[in-house]
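Q: Before I ask anything, let me first share the structure, which is written out below as structure tokens.
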Amino acid sequence: MDYRTGPWCLAICATLTACTSDPPATWSYIYPATIAPSCATATCHSQLAARAGVELDDIDRAYALLVEGRNDVDGPFVFPGDPAGSPLVWLLDGDERTRMPPAAPLAAVERDAIVAWIVAGAPQ
Amino acid sequence: MIRAALVLLALGLSAGAATAYPHFQFASGTDRCVDCHVTPSGGGLLTEWGHDELGDTLAMSGDGRALHGAPLPSWLALGADLRMAALVEDAGAEGARVAVFPMQVEAAARVARGGVAAAVVIGLRAAARPAGARTGDAAGGFAGLAAISREHVISYQPDDLRWYVRAGRLMPAFGLRLADHTAFVRQRLGFGLYEEPYAVGAGWLDARTEVHAAAFVSDPWQWPRAREVGATALVERRGGGRAVIASARVSASALAQRAVVGVAGKWWREGAHLLLMGELDGGWERFPEADAGRGFAAAWLGPTWSPGHGLAVTAALEAWLPDTGALASHRVALAPSVQWLPWAHLEVALAARLQQIGADQTAAMTMLQLHYLP
Chain A
1 MDYRTGPWCL
11 AICATLTACT
21 SDPPATWSYI
31 YPATIAPSCA
41 TATCHSQLAA
51 RAGVELDDID
61 RAYALLVEGR
71 NDVDGPFVFP
81 GDPAGSPLVW
91 LLDGDERTRM
101 PPAAPLAAVE
111 RDAIVAWIVA
121 GAPQ
Chain B
1001 MIRAALVLLA
1011 LGLSAGAATA
1021 YPHFQFASGT
1031 DRCVDCHVTP
1041 SGGGLLTEWG
1051 HDELGDTLAM
1061 SGDGRALHGA
1071 PLPSWLALGA
1081 DLRMAALVED
1091 AGAEGARVAV
1101 FPMQVEAAAR
1111 VARGGVAAAV
1121 VIGLRAAARP
1131 AGARTGDAAG
1141 GFAGLAAISR
1151 EHVISYQPDD
1161 LRWYVRAGRL
1171 MPAFGLRLAD
1181 HTAFVRQRLG
1191 FGLYEEPYAV
1201 GAGWLDARTE
1211 VHAAAFVSDP
1221 WQWPRAREVG
1231 ATALVERRGG
1241 GRAVIASARV
1251 SASALAQRAV
1261 VGVAGKWWRE
1271 GAHLLLMGEL
1281 DGGWERFPEA
1291 DAGRGFAAAW
1301 LGPTWSPGHG
1311 LAVTAALEAW
1321 LPDTGALASH
1331 RVALAPSVQW
1341 LPWAHLEVAL
1351 AARLQQIGAD
1361 QTAAMTMLQL
1371 HYLP
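Spelled out as structure tokens, the structure:
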């Protein structure tokens, strides 16, 4: 590798590395990167539409609803450490219920980041 | 059964649609949005010329005059959009979901005097609040109907239409300004349905060039704690049946800072009755609380063939890459549609959307719309 090709090779390697990196499995990333644009749109789970009674358009209230449960009707959607037992994952997978988001499911990499966050204990 | 029907009604009324058709820009023999629409950047109520074009050029038959020619004073414009839809979509393990619902129930009014105008668009929308959301059970409670104004604007524009200023709730101009709010270049870039911000804007127009700019803040009632502020700019240059559009949007909220730039183009082939349209946008967003960021890109490309009065066939190819650092997050959609206007006040549209999401996910949707524009 000479001095002319070296920087280009490093740049290409850096780009390829970047193109295969997993998104951070943290709530502060998952919410603005996936939940807000895919779920909390004005016509779906916003304060305005509140489809299925679910409002996700505020990061703190969304966390409270998903992890702590809403009321005596709906319990939590997320059980920290237990993705297989979390209704949020069932909904994302369309597991014996309407898949969410309807007609536009999350990409596997986005869904897996949410699962990884739940596995990590769903920290806020 | 009744509850399920009410929920479908609620979901339908909250869907809505826009009513600008940018693929008619050159096919109708007009170059500028403002020739057919009262809004300088396009969409919404039609001008007298726009109504004439609807009847004479775009539809197969009928008189395009507003409200079927009802006499209105020159300072008043009224319009409405009533749209029924039948939808079949892939809902995962549950199989196909079928729904028939009123997709859009909207009325628009504009009063103008001496270049000053006030316009409002009011529609019905509703919220479904079923219990048991975790189970995916949609047949639950119903919160009722409500009127919502997605646009209310005060503007000034001199008689020569060379410039304008406006303020209110409106959709800032960006890119192709497609009617389909599910297009990635709209939905994913901050131009989703019912997400019109409050804005102050200005523009300048002549026969070949347009410039539109706006500063905005997201609706403080709809997004009380996730307020976003930003600005958009669009420059369009056209001539000879071609248009080149450059757009930019920057925004910031407590959760994200975004910048996106894009180029779009149109090329009308008169002899073939074919309009080629395309848009390519790219940007960067940063999530300060996560101390992370990512690049993203969106594209729309498609020809529209208008073989004769009343018929337009579009085959669009779309792409969305939300994270350039995770190529597996990509989406590609094929969106064919047929638009038929048998009468100046009636549109029948059949559209499909087939998506490939990442390497192993797919989704499909087909929709038939019946649209009445009195």
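Sequence order for the protein chains is A and B. All residue numbers for the first sequence refer to our numbering, where the first residue is 1 and numbers rise by one. All residue numbers for the second sequence refer to our numbering, where the first residue is 1001 and numbers rise by one. By construction, the Cβ of each residue, glycine as well, lies at the ideal position given by its N, Cα and C atoms. Note that this is a predicted model, so its numbers are computed, not measured.
#1: Do you know how far the Cα of Ala49 of chain A is from the Cα of Asp1137 of chain B?
#2: For Trp117 of chain A, which residues in the same chain have their Cβ closer than 6 Å to its Cβ, ignoring the five residues on either side in sequence?
#3: Quick check on Asp1281 of chain B - is its C-beta less than 9 Å from some C-beta in chain A?
#4: Please report the distance separating the alpha-carbon of Val1313 of chain B from that of Trp1305 of chain B.
#5: Listing by chain order, which chain A residues have their CB less than 7 Å from the CB of Trp1223 of chain B?
#6: Tell me whether Asp1359 of chain B is buried or exposed, calling it buried when 16 or more other Cβ atoms sit within 10 Å of its Cβ.
#7: Quick one: residues in its chain with C-beta nearer than 6 Å to the C-beta of Ala1264 of chain B, no 5 flanking neighbours on either side, listed in chain order?
#8: By DSSP's criteria, Arg1238 of chain B is part of a beta bridge. Which residues make up the other side?
#9: If we ignore side chains and look at the alpha-carbon of each, how far apart do Val1185 of chain B and Ala1299 of chain B end up?
#10: Which same chain residues, not among the five before or five after Ala1363 of chain B, have their C-beta less than 7 Å away from its C-beta?
#11: Please confirm whether Ala116 of chain A has its beta-carbon closer than 9 Å to some beta-carbon of chain B.
#12: Report the residue ranges of all beta strand (DSSP E) runs contained in full by the stretch 1157-1183 of chain B; include only those spanning at least 3 residues, in chain order.
#13: Please report the distance separating the alpha-carbon of Thr1057 of chain B from that of Gln1222 of chain B.
#14: Between Trp1343 of chain B and the rest of its own chain, which residues show a CB-CB distance below 8 Å, the 5 nearest in sequence each way excluded?
#15: Consider the Cβ of Arg1083 of chain B: report whether some Cβ of chain A lies at a distance smaller than 9 Å.
#16: What is the DSSP secondary structure of Tyr29 of chain A, reduced to helix, strand or coil?
#17: Which of the three DSSP states, helix, strand or coil, is assigned to Asp93 of chain A?
#18: Starting from the Cα of Ala1248 of chain B, find the closest Cα among B:Glu1228, B:Val1235, B:Gly1241 and give me that residue.
#19: Run through DSSP, which three-state label would Trp1221 of chain B get?
#20: Counting only beta-carbon atoms, is Met1 of chain A nearer than 9 Å to chain B?
#21: Count Cβ pairs between the stretch 1106-1113 of chain B and the stretch 1066-1078 of chain B that sit closer than 8 Å; are there 3 or more?
#22: Against chain A, which members of the stretch 1349-1360 of chain B pass a CB distance test of less than 9 Å?
#23: Along chain B, which residues have their Cβ under 7 Å away from the Cβ of Gln47 of chain A?
#24: With C-beta atoms as the reference, is Leu1317 of chain B less than 9 Å away from Leu1301 of chain B?
#25: Could you work out which residue in B:Glu1285, B:His1273, B:Arg1237 is closest to Ala1259 of chain B when comparing CA atoms only?
#26: Apart from the five residues on each side of it in sequence, which residues of its chain come closer than 6 Å, Cβ to Cβ, to Glu1210 of chain B?
#27: Taking 9 Å as the threshold (C-beta atoms), are Ser1218 of chain B and Val1200 of chain B in contact?
#28: Roughly how many whole angstroms lie between the Cα atoms of Glu110 of chain A and Thr98 of chain A?
#29: In the DSSP output, which residue or residues are listed as bridge partners for Gly1283 of chain B?
#30: Taking all protein chains shown into account, decide if Pro1130 of chain B is buried (16 or more other Cβ within 10 angstroms of its Cβ) or exposed.
#31: In the DSSP output, which residue or residues are listed as bridge partners for Phe1101 of chain B?
#32: Compute the Euclidean distance between the alpha carbons of His1181 of chain B and Pro1336 of chain B, then round it to the nearest angstrom.
#33: If we ignore side chains and look at the alpha-carbon of each, how far apart do Pro105 of chain A and Cys39 of chain A end up?
#34: Against Met1365 of chain B, what residues of chain A qualify as contacts under a CB-to-CB distance less than 8 Å, listed in chain order?
#35: Nearest chain B C-beta to Gly94 of chain A closer than 9 Å, yes or no?
#36: Report yes if the C-beta distance between Gly1295 of chain B and Gly1325 of chain B is below 9 Å; otherwise report no.
A: Reading from the atomic positions:
#1: Legend: pLDDT at Asp1137 of chain B = 48, less than 50; position of this residue unreliable, value from coordinates given subsequently. Straight-line Cα distance between these residues: approximately 17 Å.
#2: Ala25, Ile30
#3: no
#4: 5 Å
#5: Asp57
#6: Rather than Asp, the amino acid found at residue 1359 of chain B in this sequence is Ala. So Ala1359 of chain B ends up on the exposed side.
#7: Gly1175, Leu1176, Ile1245, Glu1279
#8: B:Ala1243
#9: 6 Å
#10: Asp1090, Gln1355, Ile1357
#11: no
#12: 1163-1169
#13: 40 Å
#14: Ala1059, Met1060, Ser1061, Gly1062
#15: no
#16: helix
#17: helix
#18: B:Val1235
#19: coil
#20: Annotation note: pLDDT 46 at Met1 of chain A (below 50); position unreliable, coordinate value reported separately. By this cut-off, Met1 of chain A is not an interface position.
#21: yes
#22: Arg1353, Gln1355, Ile1357, Gly1358, Ala1359, Asp1360
#23: Gln1222
#24: yes
#25: B:Glu1285
#26: Glu1236
#27: no
#28: 18 Å
#29: B:Val1260, B:Phe1296
#30: Any reading at Pro1130 of chain B must be qualified, since the residue scores a pLDDT of 48, below 50, and its modelled position is unreliable; the value itself is stated next. Counting Cβ neighbours within 10 Å, Pro1130 of chain B comes out buried, since at least 16 surround it.
#31: B:Ala1085
#32: 15 Å
#33: 10 Å
#34: Ala103
#35: yes
#36: yes
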